[in-house]
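S.K.: Input: one structure, supplied below.
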Amino acid sequence: MEKTRETGKIEKNKKKQEKRKVVSPFLIITLTVSFLVLAISLVSLVHTIKNLPLEIKEVEVSFEVGGFMGIDLNNESLTFGVLVPGYSAERKIHFKNNYEFPVYIEPVFSKEVERFLSSGQIYFLGVDEELNIPITLRIPQEEEFGNHSGFIKFKIYEDKR
C-alpha cells in the first residue's frame, strides 16, 4: 500500500515536471514576443514625438467658381474671389521664422480644396528669415459653378539637417 502511494506521488511529480517543460518554452516565447512588441511601440512613440510639429497655423480658404472673374481682398483668410472654369489664381502667405533655429514649413490642404490648390512641398527658413509661400488655385475646365471652402494647415517643424 505504501509503495502504491509513493508510486502515485512519483507519477504526479513526473506529470507536473512534464507540464512545466511544456509551459516553460511557451512562456518564454510569449514573454519574448510581448517584449518585442513593447520595444517596437516605444521606438515608434519616440519617433512620433520627435517628428511632431512645433506649431500648426491653420488658414481658411474660400473661392467661388462662376461665370465671371471677381476679386476678394481679405486679410484674415485666403480668399480667391470668383474664378471662371479653366483659370487659375495665386495668393501668397507671409511667414517669418521667429525661432532660434532653422525650421521648415509643410503646407497640408483639407480634402475639400486639395484638388484645386497647390504649393511647393516644403519651405525652409533660417533664423529670422521671411518668406511668402505661394498658393495656386486651378479651376478645371469642366468644374461646375459653386462655392468652395476649406483650410490649409501649415505645419512648422525644426530643421535638424
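Under this note's numbering, the first residue of the sequence shown is numbered 20, with each subsequent residue one higher.
Beta carbons: idealized from backbone N, C-alpha and C, even for Gly.
Quick caveat, the model's predicted, so the values are computed rather than measured.
Taking Cβ to Cβ, would you say Pro126 is nearer than 7 Å to Ile171?
M.R.: In contact: Pro126 and Ile171 (Cβ atoms closer than 7 Å).
S.K.: Identify, in the order they occur along the chain, each residue of the same chain with its Cβ nearer than 6 Å to the Cβ of Phe164, setting aside the five sequence neighbours on each side.
M.R.: Val84, Gly85.
S.K.: Which of the three DSSP states, helix, strand or coil, is assigned to Ser168?
M.R.: Reduced to three states, the DSSP call for Ser168 is strand.
S.K.: Short check: CB of Gly169 to CB of Glu119, under 7 Å?
M.R.: No, the Cβ-Cβ distance between Gly169 and Glu119 is not below 7 Å.
S.K.: So what's Val122 in DSSP terms, helix, strand or just coil?
M.R.: Here Val122 sits in strand by DSSP.
S.K.: Look up Ser129 in the DSSP assignment and say whether it is helix, strand or coil.
M.R.: Coil at Ser129, not helix or strand.
S.K.: Report back the beta-carbon spacing between Pro72 and Tyr142 to the nearest angstrom; my notes put them in contact at under 8 Å.
M.R.: So it is not a contact: roughly 14 Å between Cβ atoms.
S.K.: Starting from the C-beta of Ile112, find all residues in its chain whose C-beta is less than 6 Å away, skip the five residues before and the five after it, and write them out in chain order.
M.R.: Result list for Ile112: Ile152, in chain order.
S.K.: Between Pro159 and Pro104, how many whole angstroms is the CB-CB distance? I'm expecting something under 8 Å.
M.R.: That belief holds up - the Cβ atoms of Pro159 and Pro104 are roughly 7 Å apart, short of 8 Å.
S.K.: Taking the alpha carbon of Asp178 as the point to measure from, which residue in Val52, Ala58, Tyr123 has its own alpha carbon closest?
M.R.: Checked all of Val52, Ala58, Tyr123; the closest Cα to Asp178 is Tyr123.
S.K.: Find out if the Cβ-Cβ distance for the pair Val78, Leu50 is shorter than 7 Å.
M.R.: Contact: no.
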